[in-house]
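So for the sequence shown, numbering that gives the first Met the number 0 puts the first residue at 0; every next one is plus one.
Every residue, glycine too, gets a C-beta built ideally from N, C-alpha and C.
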Amino acid sequence: MSITSMRRQRWPFRNNARNHGITRGRWSGKSAGASLKPKVDRVDLLRLSFLIFGAIIVVRLFVVQIIQGSNYKALAFNSHGLFQELVPERGEILVHDKFTTSGTVPIATNEVLSEVHAEPIHITDPTATAEALAPLLNMPKEDLLKKIDKPGDPDEILKRRVPAEVVNAIEELNLVGIIFRDEQWRYYPEGEYAAHITGYYGYSDTERKGQYGLEGYFEDQLKGTPGYIEGEKDAFGRFLTIGDGLIEKAQDGVDLVLTIDKNVQFYACDKLKTEVERLGAKEGTVIIMEPNTGAIIAMCNYPSYDPNNYSEVDSIEVFANSAVSDEYEPGSVFKPVTMAAGLDTGAITPNTTYTDPGSRNVCGFTVTNFDGKSYGTKTMTEVLENSLNTGTMFALEQMGSSVFNDYVHRFGFGKPTNIELSNEYSGDITPIETLSDCYALPASYGHGFTVTPLQLATAYAAIANGGELMQPYIVDSFIHASGVETKTEPKVVQTVMSKNTSSTLTAMMVNVIDNGHAKKAAVPGYFLAGKTGTALIVGANGRYDESRHNDTFAGFGPVSDPKFVMLIKMKEPQTQYAEGSVVPMWGELAQYLLNYYQIPPDRE
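Structural data, given as structure tokens:
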């Protein structure tokens, strides 16, 4: 066969493929032992393309909705969603006032002002918005523009404490992206006269919360529980009630009704201020309480501060409530505690006598009576009348330092009283706890250890009420948001002494006012009991400074049925003894209390 003929045989094969069992894309048989690879059909290619495209869409949806869903939801929510916290109303603090219809008045309440917020993400013309707000908010346009001209920013606070009339004026402008939020501010109607009881509500770093006093102690109860609104908003940032929006109501804080009597508080604090300034004292404290319950009727310190303007004080030391935080050596006002221990154990009686030497050597130190004199033979009653240091040292030696230490603890010294006020101190009685006469003997007349004014007042209440140490308290009741009121019940901490000891010691203390150094505390027609105390202050060198002293007078009355215990303390008054500083003031306040409570006379 020629080459030409062979070529002719191939052409028909190409042109007549269908006639030789060949179909497009698929073989129907084999030829000369050779095999051909399959070709992809266009329909199948199209199907494959759709499958791949669909898979891409599914994967993308998975990424967007599942993996990045929260991010996209947040972006959408910022544009059209609304989440706003509902601020609860902070609980009020109220005191008793018998001259009002309700019987109570607030000393810490709330006033509602507004925060002006911008939502730059919705503001299309920041310059115009800033120009419109500047005169109303009394702020430079440039300062406003710095906050407003932030594309994409969902929220900026423009100004706090904006009054209602300014808010109304801004609302009339219908500015897009400007919203308002009510903001509670604390108001203290009595100002400085109740500051150390209330404390204040203000900023701590960037957070507002209660500081000091009741505001700090009961922060969790007063603040309430926030609620919220979640839903959609319109172009003006207003909440839309359609859709599946959520509203969780806020729960208001608990109201505190105190044991404080507003009228007694005001009178006592005003008198304290007058006397501290008149006597040139560094500071002063007054505590008045019910001996049978432990309820605080009045408590104040001077200098004080205005909690409405707490940031304007010269020193943060003024925030401290000296009634519960001032640890000081009490001096002779502590002598009734020593006598109580001796009387209750039978180590002494009111008529037990000793010979006063005028001075004694105690572990290398000479101890004298306050005036350096010797008084000869004296009874224990006369020891209190004349405030003889040597006499209480004698009484301590009759009972021993261990018994003395036990009674000091019984009276509650060395630990907080647990009154509902923040920053209470414990005092320091560790020298007494050593049981060494080197410390116990000076402690018998109130030196070498520290107490707080409230601890002393509580101890005197135990003497007045028959021997029971009461838990002092200042909150009379709690009124919850539901309207349920929970009363505070008086609590006996422990029995300190017998009723007989209490009566005997009370009679001895009456003689202090009738015949001793506290005659200026007397009120005609009434039996009153008390004791003075003048204690030198330890200087920077660790020695007592003869030119500086603390004066204290504590007492109660009428002794037939005690209605009040009162303690007055002054730091560094420009007088020589308590007899000339706190004693006359105590007498004036006692006269006021007897008249105010209409207590009938108990002596001719």
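Per-residue DSSP class, three states only, for ARG41: Three-state result, ARG41: helix.
Unbroken beta strand (DSSP E) run spanning ALA528, endpoints: For ALA528, the enclosing beta strand (DSSP E) covers residues 528-537.
Nearest candidate by alpha-carbon position, reference GLU328, set GLY226, ILE295 and VAL450: Among GLY226, ILE295 and VAL450, the Cα nearest to that of GLU328 is on VAL450.
Neighbourhood of TYR301 by C-beta distance below 6 Å, restricted to the same chain and skipping five residues each side: Result list for TYR301: LEU271, LYS272, VAL275 and GLY283, in chain order.
Minimum length 3: unbroken beta strand (DSSP E) runs contained in the segment 69-148: Fully enclosed beta strand (DSSP E) runs of no fewer than 3 residues occupy 80-85, 92-95 and 103-117 of the segment 69-148, in order along the chain.
For GLU189, the first and last residue of its enclosing alpha helix (DSSP H): DSSP places GLU189 in no alpha helix (DSSP H); its state is neither H nor E.
Stretch-stretch touch, CB-based, cutoff 8 Å, three pairs: the segment 573-582 with the segment 525-536: Yes: at least three Cβ pairs fall under 8 Å.
Contact belief for VAL564 with PRO335 at Cβ below 8 Å, rounded distance in angstroms: In fact, because the Cβ distance is near 12 Å, the residues do not count as touching under 8 Å.
Coil, strand or helix - GLN597 by DSSP: Coil at GLN597, not helix or strand.
Outcome for GLY32 when other beta-carbon atoms lying within 10 angstroms are tallied against a minimum of 16: Caution applies to GLY32, whose pLDDT of 44 falls short of 50 and renders its modelled position unreliable; the value that the coordinates give is listed next. Exposed.
Runs of beta strand (DSSP E) wholly within the segment 200-287 (minimum 3 residues, chain order): Within the segment 200-287, the runs of beta strand (DSSP E) at least 3 residues long that lie entirely inside it are, in chain order, 206-210, 226-232, 245-247 and 254-260.
Whether GLN573 touches LEU221 by CB criterion (8 Å): The Cβ atoms of GLN573 and LEU221 do not sit closer than 8 Å to each other.
Continuous beta strand (DSSP E) stretch holding THR378: start and end: THR378 -> beta strand (DSSP E) spans 375-378.
Alpha-carbon spacing of ASP181 relative to ALA163, whole angstroms: The alpha-carbon atoms of ASP181 and ALA163 are separated by roughly 10 Å.
GLY357 - DSSP class collapsed to helix/strand/coil: GLY357 falls in the coil class under three-state DSSP.
Proximity test, VAL104 beta-carbon vs the ligand SAH heavy atom, cut-off 7 Å: Because no ligand of any kind appears in the structure shown, any question about the ligand SAH cannot be addressed here.
Anticipated Cβ contact below 8 Å, PHE403 with THR337, distance rounded: Indeed they touch by this definition, with Cβ atoms about 7 Å apart.
Where ILE51 falls, given that 16 or more other Cβ within 10 Å makes a residue buried: Looking at its Cβ environment, which holds fewer than 16 other Cβ atoms inside 10 Å, ILE51 is exposed.
GLN493 classed as buried or exposed, judged by whether at least 16 other C-beta atoms fall within 10 angstroms: By the 10 Å Cβ count, GLN493 comes out exposed.
ARG23, DSSP secondary structure in three states: Here ARG23 scores only 36 on pLDDT, less than 50, and its place in the model should not be relied on; the value that follows carries that caveat. In the structure shown, ARG23 adopts coil according to DSSP, grouped into three states.
C-beta atoms of GLY190 and GLU214 nearer than 8 Å: Not a contact, by the Cβ cut-off of 8 Å.
Cβ-Cβ distance between THR128 and LEU174 below 8 Å: Closer than 8 Å, so yes.
Proximity to ASP148 [Cα-Cα], best of PRO139, ASN262, LEU136 and PRO125: Of the residues PRO139, ASN262, LEU136 and PRO125, the one whose Cα lies closest to the Cα of ASP148 is PRO125.
Same chain only: Cβ atoms within 7 Å of PRO600, ignoring 5 sequence neighbours per side: Scanning its chain for C-beta atoms nearer than 7 Å, with the 5 sequence neighbours on each side dropped, one finds around PRO600 the residues GLY524 and TYR525, in chain order.
Host alpha helix (DSSP H) of ASP436 (start-end): If you look at ASP436, you'll find it in the alpha helix (DSSP H) that goes 436-442.
MET398 beta carbon less than 8 Å from that of GLY341: Less than 8 Å divides the Cβ of GLY341 from the Cβ of MET398.
Limits of the unbroken alpha helix (DSSP H) element including SER476: From DSSP, SER476 is part of no alpha helix (DSSP H) but of the beta strand (DSSP E) over 474-478.
Contact under 8 Å by Cβ, LEU434 with SER400: In contact: LEU434 and SER400 (Cβ atoms closer than 8 Å).
contact_flag[the segment 551-565, the segment 458-470] where n(CB pairs < 8 Å) is 3 or more: The count of Cβ pairs closer than 8 Å, one atom from the segment 551-565 and one from the segment 458-470, reaches three, so the stretches are in contact.
Three or more C-beta pairs below 8 Å linking the segment 309-329 and the segment 370-380: No: fewer than three Cβ pairs fall under 8 Å.
THR500, enclosing beta strand (DSSP E) - first and last residue: No beta strand (DSSP E) contains THR500, which is instead part of the alpha helix (DSSP H) from 498-514.
Close Cβ partners of MET5 (< 6 Å) along its chain, the five nearest in sequence each way excluded: Any reading at MET5 needs caution, since the residue's pLDDT is 38, under 50, leaving its predicted position unreliable; the model's value is listed next. If we look at MET5 and ignore the five residues flanking it on each side, it has no Cβ neighbours.
Residues near SER303 by beta carbon distance below 6 Å, same chain, minus five either side: Only GLU191 and ALA194 meet the Cβ criterion.
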